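Q: Following this message is one structure expressed as structure tokens.
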Amino acid sequence: MAFVKKIFDLWLEDDNPAFRIRNFRNVIRTMCGGKPIDCSSNVGGCKRFIAITANGDVYPCHRFVGRRDFVIGNLLEKSLPDIYADAADLYEKLCELDENCVHCEWLTACGSGCAFERLVANGTFKSMDPECQVKKGLFAYITEKTKHLF
């Protein structure tokens, strides 16, 4: 955790808007009432993504490409709107929240993390982000270090 805090301090001190670190920006954006930047930090963010391979296979996200059990359709066989609609149940599962996340003070900044990473680390989508404790510590640190700015 000390390393991540040091990186944040250096980033904040540098004050260079062209140098972006997603996790830091996500917390600051949510502190200001905005939404996080990426899919994995947005609650339900998985519902807005697909990945399409050269052979027309469609996956719910680029992280699942190559895992045949996550092909949700093929564009040579069906239209994209139909493929997306048929995968509604899977998208709902991708976005399920672990009970510990539902009332977490950092949910708006964390979004419960990446569904793929939760699945790989814990065997289920409805689980906690494998980086949960590190993120909580980072988010608290960022909040403390920047509260005088808001």
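For the sequence shown, the working numbering puts the final residue at 159, and the numbers step up evenly by one. Cβ atoms here follow ideal geometry from the backbone N, Cα and C, with glycine treated the same way. Bear in mind the structure is a predicted one, so any value in this text is a computation, not a measurement.
1) Once DSSP output is grouped into helix, strand and coil, what is the label at I37?
2) Work out the CA separation of V74 and V36 for me, nearest whole Å.
3) Using a Cβ-Cβ distance cut-off of 8 Å, determine whether G65 contacts chain B.
4) Which of the three DSSP states is assigned to A60 in this structure?
5) Does the beta-carbon of L85 have 16 or more other beta-carbons within 10 angstroms, so that it is buried, or is it exposed?
6) Any chance the segment 113-125 sits against the segment 139-152, with 3 or more Cβ pairs inside 8 Å?
7) In or out: V111 buried (at least 16 other Cβ within 10 Å) or exposed?
8) Can you name the residues that DSSP bridges to D66?
A: So, from the listed chains and residues:
1) Look at I37 here: in three-state DSSP terms it is helix.
2) When rounded, the separation of the alpha-carbon atoms in V36 and V74 is 29 Å.
3) The structure shown has no chain B; it contains just one protein chain.
4) In the structure shown, A60 sits in a strand (DSSP, three-state: E or B).
5) By the neighbour-count rule (16 or more Cβ atoms within 10 Å), L85 is not buried but exposed.
6) Yes, they touch.
7) Exposed is the call here.
8) Partner(s): N83.
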